[in-house]
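Chains as they are written, first to last, in this note's numbering: chain A, 22 to 298; chain B, 22 to 298.
Given below as structure tokens:
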């Protein structure tokens, strides 16, 4: 599976996901050169210092000009707004991928773009609550699913090379439609993040109001609120773009929580046992 | 801190907590002999095989007769029912501790017992989602709080020895009333467990109804549902005994979740930002 797939890979957004992918691309020798760009210049310099990238670009344009694979690891709102303009400049054979958590708004934004086929929508189902280049780790994608969204809208050669890239870093591939993706991600990822944020806020407020000491918490609470440390700037646009499916996922959870509440309130052991099974 | 504190320690219930405490008691040389009893005989045999205990007792009575420290690691409903009868047989200087997750019902059950002073109510805020003797691990209590409940109701020498025991295994001690404990535990532990169970059920049902594939989930969901693997038989009595505080903790969480839902539905970025901070 290894061997150079690309001449130059450009990582636009060298944080947890972009930086981890850069690390693996280097480890597995998948590109001759890795170029990086980051909105926060200090993060780009740090990525260079950490050896995640070979070079840092001053402007995204330099990445677009020099790279045959451009990895767009940006907040989903920025991505949907800018992808059409990036594709305007796509050269023959050049490939663009994203790694974002929502897909309908993104594929809608480029639906009729003449260079739509140069873009392969990807969602690696991997991550941690950390962010920035220092959060980049080896083998983040190994044995995790990477979802390819609406791949029939992309050039077969592009899908082929992108599939090889993900398989080379150990990911397991699956394909689905944007609609299927956003519904799935709402249940498996976005709604659980809202619960974690809401739980973290519940504890914070209880601490403030009742002098509850959260230091006493065991590992369960830490596990439940871990992902509430994920950056707001990344998650807010995800919640907005996937609003409909997210609200419905929250409502389904609510229904189940109320069933538990009722079983506990009525001390209905049989029901509670069924619910917990 | 080390050195023998007890002649013989009896572990009644050699699972995750009882077994881990037995391991540490041996490691730190805190007792000459460790005797074990378990309702499921196979678990007792397994504990012996794992070297968690020196000997397995056929009857709890043998543990009560032979041990100067009796650790009661049983479901909280069994504990509240049986502790008075155990205390009936307490010998001079003998100490009983529990490691349960609820305290009001327990301390109420022995409030007027003539041997109340022999009992020190303890709650180590440590654990994992695993259970049984194979779940026992070294240093489970290190750098975690162990809460001593209403210690003024226990003999000062008992509190002193029990405090030395917990400190010897690396725990940090804090004291509180049973009421304070149950309110705190509802927010920091019991309600988060209900959320985890409700989330696990939400995903299971969605999988069944909509052919959602939960295999696609990233680490976030696993982290949020980890504690839903905790044994039902242990948690059901906890939910029942701490019903009032638990229901109120669920309602506070509900309020916060609804605030998030509203901010997402109305795309109120300022509010959402405030809530997520």
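Don't be surprised by glycine CBs; every beta carbon is placed ideally from N, CA and C.
Tell me residue i's beta-bridge partners as DSSP assigns them.
i, result
"residue 196 of chain A", "A/169"
"residue 90 of chain A", "A/30 and A/116"
"residue 130 of chain A", "Residue 130 of chain A is not bridged to any residue."
"residue 142 of chain B", "B/119 and B/170"
"residue 76 of chain B", "B/56"
Taking the straight line between their C-alpha atoms, what separation do you get for residue i and residue j?
i, j, result
"residue 225 of chain B", "residue 264 of chain A", "22 Å"
"residue 162 of chain B", "residue 118 of chain B", "15 Å"
"residue 80 of chain A", "residue 293 of chain B", "32 Å"
"residue 217 of chain A", "residue 245 of chain A", "6 Å"
"residue 127 of chain B", "residue 66 of chain A", "59 Å"
"residue 24 of chain B", "residue 45 of chain B", "12 Å"
"residue 234 of chain A", "residue 205 of chain B", "8 Å"
"residue 62 of chain A", "residue 199 of chain B", "53 Å"
"residue 366 of chain A", "residue 229 of chain A", "Because chain A here runs from 22 to 298, residue 366 of chain A falls outside it and cannot be looked at."
"residue 211 of chain A", "residue 175 of chain A", "26 Å"
"residue 125 of chain A", "residue 172 of chain A", "13 Å"
"residue 284 of chain B", "residue 140 of chain B", "50 Å"
"residue 222 of chain B", "residue 255 of chain A", "28 Å"
"residue 113 of chain A", "residue 47 of chain A", "25 Å"
"residue 278 of chain B", "residue 130 of chain A", "31 Å"
In the DSSP assignment, find the alpha helix (DSSP H) that holds residue i and state where it starts and stops.
i, result
"residue 21 of chain A", "This structure gives no information on residue 21 of chain A, because the portion of chain A shown stretches from 22 to 298."
"residue 64 of chain B", "62 to 70"
"residue 103 of chain B", "97 to 109"
"residue 271 of chain B", "264 to 286"
"residue 183 of chain B", "177 to 189"
"residue 46 of chain A", "37 to 48"
"residue 244 of chain A", "240 to 246"
"residue 291 of chain B", "290 to 297"
Check this for me: beta carbons of residue i and residue j, under 8 Å apart or not?
i, j, result
"residue 95 of chain A", "residue 33 of chain A", "yes"
"residue 40 of chain B", "residue 156 of chain B", "yes"
"residue 56 of chain A", "residue 84 of chain A", "yes"
"residue 36 of chain A", "residue 148 of chain B", "no"
"residue 179 of chain A", "residue 138 of chain A", "yes"
"residue 43 of chain B", "residue 74 of chain B", "yes"
"residue 207 of chain B", "residue 267 of chain B", "yes"
"residue 214 of chain B", "residue 248 of chain B", "yes"
"residue 100 of chain B", "residue 116 of chain B", "no"
"residue 193 of chain A", "residue 165 of chain A", "yes"
"residue 291 of chain A", "residue 203 of chain A", "no"
"residue 271 of chain B", "residue 282 of chain A", "yes"
"residue 108 of chain B", "residue 237 of chain A", "no"
Is there a C-beta anywhere in chain A that falls below 8 Å from the one on residue i?
i, result
"residue 238 of chain B", "yes"
"residue 146 of chain B", "yes"
"residue 274 of chain B", "yes"
"residue 261 of chain B", "yes"
"residue 214 of chain B", "yes"
"residue 223 of chain B", "yes"
"residue 22 of chain B", "For residue 22 of chain B, the predicted structure reports a pLDDT of 44, less than 50, and the residue's modelled location is therefore unreliable. A value from the coordinates is still provided. No, its Cβ sits nowhere closer than 8 Å to a Cβ of chain A."
"residue 192 of chain B", "no"
"residue 136 of chain B", "no"
"residue 98 of chain B", "no"
"residue 233 of chain B", "yes"
"residue 152 of chain B", "no"
"residue 32 of chain B", "no"
Comparing the C-beta of residue i with each C-beta of chain B, is any distance below 8 Å?
i, result
"residue 178 of chain A", "no"
"residue 64 of chain A", "no"
"residue 95 of chain A", "no"
"residue 248 of chain A", "yes"
"residue 281 of chain A", "yes"
"residue 290 of chain A", "yes"
"residue 165 of chain A", "yes"
"residue 130 of chain A", "no"
"residue 124 of chain A", "no"
"residue 255 of chain A", "no"
"residue 297 of chain A", "yes"
"residue 42 of chain A", "no"
"residue 264 of chain A", "yes"
"residue 160 of chain A", "no"
"residue 241 of chain A", "yes"
"residue 120 of chain A", "no"
"residue 269 of chain A", "no"
Check for me: the beta strand (DSSP E) holding residue i runs from which residue to which?
i, result
"residue 55 of chain A", "52 to 58"
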